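Everything on this sheet refers to the single structure shown next.
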Amino acid sequence: MKDIVNFLFEVGMLQKTPRTGFQFLGSGCESVAEHILRTIFIGYTLCKLEKDVDESRVLKMCLFHDLPEARTGDMNYVNKKYVTVDEEKAVRELTETLFFGIDIKSCIDEFNERKTREALIAGDADQLALILQLKEYGDLGNKYSKEWIDFAIQRLCTENARETARRIMETDSSDWWFKDKGEWWINGSRRMNSGSGD
18 MKDIVNFLFE VGMLQKTPRT GFQFLGSGCE SVAEHILRTI FIGYTLCKLE
68 KDVDESRVLK MCLFHDLPEA RTGDMNYVNK KYVTVDEEKA VRELTETLFF
118 GIDIKSCIDE FNERKTREAL IAGDADQLAL ILQLKEYGDL GNKYSKEWID
168 FAIQRLCTEN ARETARRIME TDSSDWWFKD KGEWWINGSR RMNSGSGD
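Take any residue in the sequence shown, note its place counting from 1, add 17, and you have its number in the working numbering.
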């Protein structure tokens with residue numbers, strides 16, 4: 018049981034581990050844990066758009082794909098030009114003491130090999146999480162985000178992911194909550210308070 022508890026503490030390190038690419042983008046920040054959360058939701062959504070896909074496998078790959086970064090940190094594309102990370106060692110050492118470690122290792126290996134349909138979908142979910150984040154920063158004025166998005170789109174493997182990326186680029190990131198720019202934004206809170214005697 019102690020090994021399991023240690024694993025759960027290790028997972029918590031992902032909340033404290035920053036995604037380092039944003040220092041080069043010039044704006045934004047995100048932890049590895051935040052990235053994983055959005056990736057899981059995207060993976061779930063992509064599974065709903067596909068037929069005959071092992072949804073559980075996709076979701077597990079989305080969940081575990083960056084787990085080794087609790088040990089290695091996040092290496093962005095600039096770092097990777099100069100630093101070699103022994104992810105295989107990190108995966109081996111974080112999974113070898115867990116009775117379910119082989120399942121985690123298998124998911125990470127499958128994700129990295131990109132040979133199965135499920136791995137391609139999970140990889141696309143990973144890239145779409147980045148694309149969404151970059152679009153948000155672009156909508157707020159970051160002039161470099163579009164160029165980064167163009168590279169990320171080229172990494173997509175499935176048609177549903179490419180179509181999702183096209184729609185992301187056509188949609189303002191605030192549209193989901195700010196598309197109805199009507200009376201609510203003038204009188205909404207007054208209407209809510211009108212029954213309280215104010």
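Glycine included, C-beta positions come from ideal geometry on N, C-alpha and C. For clarity, every value in this text was computed on a predicted model and none was experimentally measured.
request  = Counting only the same chain and skipping the five closest in sequence on each side, list residues whose C-beta sits under 8 Å from that of Phe81.
outcome  = The count along the sequence shown starts at 1 and reaches residue 81 at position 64. So the list reads Ile121, Cys124, Ile125, Phe128, once near-sequence residues are dropped.
ask   = Under three-state DSSP, which class holds Ser73?
value = Numbered from its first residue, the sequence shown carries residue 73 at position 56. Helix, per DSSP.
message = Please give me, in chain order, every unbroken run of the alpha helix (DSSP H) with length at least 4 that falls completely inside the stretch 103 to 161.
response = 104 to 112, 118 to 130, 134 to 156
request  = Evaluate contact between the stretch 38 to 47 and the stretch 151 to 169, counting only Cβ atoms and requiring at least three cross-stretch pairs below 8 Å.
outcome  = yes
task = Compute the beta-carbon to beta-carbon distance between Leu31 and Glu86, rounded to the nearest angstrom, for a pair I have assumed lies under 8 Å.
result = Position 14 of the sequence shown, counted from the first residue, corresponds to residue 31. Position 69 of the sequence shown, counted from the first residue, corresponds to residue 86. Contact holds; Cβ gap of about 7 Å.
key: Nearest-angstrom Cα separation, counted from Thr101 out to Ser191   = Translated into the one-based positions of the sequence shown, residue 191 becomes position 174. Translated into the one-based positions of the sequence shown, residue 101 becomes position 84. Roughly 38 Å separates the two Cα atoms.
task = Just mark Thr112 as buried or exposed, buried being the case when its beta carbon has 16 or more other beta carbons within 10 Å.
result = As a first step, residue 112 must be located in the sequence shown, where it is residue number 95. Its Cβ being crowded by 16 or more others within 10 Å, Thr112 is buried.
inquiry  = Going by the DSSP bridge assignment, what does Ser219 pair with across the sheet?
reply    = Residue 219 is absent from the model: the chain starts at 18 and stops at 215.
Rounded straight-line distance, which links the Cα of Asn23 to that of Asp16 = Since the displayed the chain opens at 18 and closes at 215, residue 16 lies outside it and no answer follows.
task = Give the single residue among Gly205, Phe116, Tyr61 whose Cα lies nearest to the Cα of Asp141.
result = If you number the sequence shown from 1, residue 141 lands on position 124. Of Gly205, Phe116, Tyr61, the residue nearest in Cα terms is Tyr61.
request  = Please name the residue, chosen from Asp71, Leu149, Thr114, that lies closest to Met186 on a Cα-to-Cα basis.
outcome  = The residue you call residue 186 lines up with position 169 of the sequence shown. The shortest C-alpha to C-alpha distance from Met186 to any of Asp71, Leu149, Thr114 is the one to Leu149.
inquiry  = With a threshold of 8 Å between beta-carbons, can Thr112 be considered close to chain B, or not?
reply    = No chain B appears in the structure shown, which is made up of a single protein chain.
message = In the DSSP assignment, the alpha helix (DSSP H) including Glu176 goes from what residue to what residue?
response = Start at 1 with the first residue of the sequence shown, and residue 176 comes out as number 159. Per DSSP, the unbroken alpha helix (DSSP H) holding Glu176 starts and ends at 176 to 187.
message = Only counting the same chain, and skipping five residues up and downstream in sequence, which positions put a Cβ closer than 7 Å to that of Thr181?
response = Here the question's residue 181 lines up with position 164 in the sequence shown. Same-chain partners within the cutoff: Leu145.
message = Let's test the definition: count the other Cβ atoms within 10 Å of the Cβ of Asp91 and tell me whether it reaches 16, buried, or not, exposed.
response = By one-based count along the sequence shown, residue 91 stands at place 74. So Asp91 counts as buried.
ask   = Is DSSP giving Gly60 helix, strand or coil here?
value = Stepping through the sequence shown from its first residue, residue 60 is reached at position 43. Three-state result, Gly60: helix.
Which of helix, strand or coil DSSP assigns to Gly17 = As shown, the chain starts at 18 and ends at 215. That puts residue 17 outside it, with no answer to give.
Ser89 - containing alpha helix (DSSP H), residue span = Position 72 of the sequence shown, counted from the first residue, corresponds to residue 89. The sequence as given places Thr at residue 89; Ser does not occur at that position. Thr89 -> alpha helix (DSSP H) spans 86 to 89.
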